[in-house]
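Q:
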Amino acid sequence: MVNGIDGLAVTNVDGLDTLDSIRVCVAYRVGKQQFDYVPNDIDLLSRCDPVYIDFPGWKTATCEARKWKDLPLRARTYLQALAEVTGARLSIVSVGPSREQTIFI
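Residues 0 to 104, numbered by numbering that gives the first Met the number 0, are exactly what the sequence shown covers, in order.
(1) For Leu18 and Gly3, I'd like the C-alpha separation in whole angstroms.
(2) State buried or exposed for Leu72, treating a residue as buried only when at least 16 other CB atoms are found within 10 Å of its CB.
(3) Can you find the residues in the same chain that come closer than 6 Å, C-beta to C-beta, to Val47, ignoring five residues on each side of it along the sequence?
(4) Please confirm whether Val94 and Ile102 have their CB atoms less than 8 Å apart.
(5) Please go through the same chain and pick out, in chain order, the residues whose beta-carbon is closer than 8 Å to the beta-carbon of Glu99, but skip the five residues on each side of it.
(6) What first and last residue would you give for the beta strand (DSSP E) that runs through Arg28?
(7) If you count every other CB in all the chains shown that lies within 10 Å of the CB of Thr76, and 16 or more means buried, which is it?
(8) The alpha helix (DSSP H) that contains Ile91, what's its start and end?
(9) Pick out whichever of Thr61, Phe54, Glu83, Thr85 has its Cα sitting closest to the Cα of Ser92.
(10) Any idea which residues DSSP pairs Pro96 with across the strands?
This is the structure we're talking about:
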């Protein structure tokens, strides 16, 4: 869980539609030591290397999706992974600026 949140809203998913891959930082590493949070020591943080998970892009427009199953499989996989990494339940996905482009999970 991130900062006590239990629900996750992911907006601007349509902004990712054209990407070949999406990189998500899931941890920080200094030598053999790994942190699953941003270290609060500035000197330690300056020596950290991010640890990424790469997701393949879906290269398909999502702006017409109105239900979870309307999203491309790769988009759903990415969104489920965000929920897993944060420990929060995916509640809302937005694929555009209008109210109709908000998917409640």
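Glycine included, C-beta positions come from ideal geometry on N, C-alpha and C.
A: Reading off the structure:
(1) 31 Å
(2) exposed
(3) Looking at the sequence shown, residue 47 is not Val but Cys. The answer, listed in chain order, is Tyr27, Val29.
(4) yes
(5) Arg65
(6) 20 to 29
(7) Flag for Thr76 reads exposed.
(8) Here Ile91 belongs to no alpha helix (DSSP H); instead the beta strand (DSSP E) covers 88 to 93.
(9) The sequence shown places Val at residue 92, rather than the Ser named in the question. If we check each option's Cα against that of Val92, Thr61 comes out closest.
(10) Pro96 pairs with nothing; no bridge assigned.
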